[in-house]
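Here's the structure, in structure tokens; my notes come after.
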Amino acid sequence: MTTIFEVLTWGREGTKVDGQLTARLGGGAGFPRGVEFGLQLLMDAWFQGFGTMALDPGTAKEFEECFELFLGKQVWTDDEGHLLDAATKEPVRPKVKAAELYADRLDGSSGRSNGYRYLVLKPQCDAFRRRATAIVTSFAIENGPGGEKAHFTVEAADPKYVAHMDKHLFFQTAFTGDLPG
9 MTTIFEVLTW GREGTKVDGQ LTARLGGGAG FPRGVEFGLQ LLMDAWFQGF
59 GTMALDPGTA KEFEECFELF LGKQVWTDDE GHLLDAATKE PVRPKVKAAE
109 LYADRLDGSS GRSNGYRYLV LKPQCDAFRR RATAIVTSFA IENGPGGEKA
159 HFTVEAADPK YVAHMDKHLF FQTAFTGDLP G
């Protein structure tokens, strides 16, 4: 992972999280704006294991879905390409070829994990943007002197989305605020 930003937060207050970004690729490049980046920061903190137990299972599932929208969902197949149930890895009935079912949504990536094959669907940027707007009500950022640091405030629509941000956190992220494609 290429570190684009170091993120330092000061905990949360209600639905707000304040923090500082440090650009690792040099100053002057500018900092991302928009609720999409605010959601990416919340998702990445959770993904990196901060406050994992603080999130209820429903909110954790929402973050998983946001990652799938952003990166593309993995669909599991057997060696002949038939779709498998994601949880059980048993063939879906009636049998259907994943490549036929998702023909227009495949991004061309595939792989193996734990003995199972998978195909990757294209990211859904518009759906991610809608989710970001529903989860993050505002994302404000103010550049510091020299252009290498910036102060940010992300505000969520519900405290459940920032429950994992209770304490001071420090992590690195490769998110840039951009959406795939």
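Quick note: the sequence shown uses the working numbering, first residue 9, plus one each step. Glycine is no exception: its CB is placed at the ideal position from the N, C-alpha and C atoms. Treat the numbers as computed from the prediction; the structure is a model and nothing was measured.
- Taking the Cβ atoms as the reference, Val128 lies roughly 5 Å from Asp115, within the contact range of under 8 Å.
- Within the same chain, Cβ atoms closer than 7 Å to the Cβ of Tyr126 are found at Gln82, Val83, Trp84, Thr85, Ser118, Gly119, the five residues on either side in sequence being excluded.
- Secondary structure of Leu33 (DSSP, three-state): coil.
- The region 163–181 makes contact with the region 40–51, as at least three CB pairs between them are under 8 Å.
- The beta carbons of Ala62 and Asp174 sit closer together than 8 Å.
- Of all C-beta pairs linking the region 135–142 to the region 11–19, fewer than three are shorter than 8 Å, placing the two stretches out of contact.
- Distances from the alpha-carbon of Leu177 to those of Asn151, Arg20, Phe75 put Arg20 closest.
- CA-CA distance, Gly89 to Lys69, rounds to 26 Å.
- Taking Val25 as the centre and dropping the five residues before and after it, the same chain places the C-beta of Thr17, Val162, Val170, Met173 closer than 6 Å to its C-beta, in chain order.
- Inclusion of Gly185 and Phe45 in the CB contact set at 8 Å is warranted, their separation being smaller than that value.
- In the structure shown, Gln180 falls within a strand segment according to DSSP collapsed to helix, strand and coil.
- Looking from the CA of Asp112, the closest CA among Gln56, Ile12, Lys130, Lys157 belongs to Lys130.
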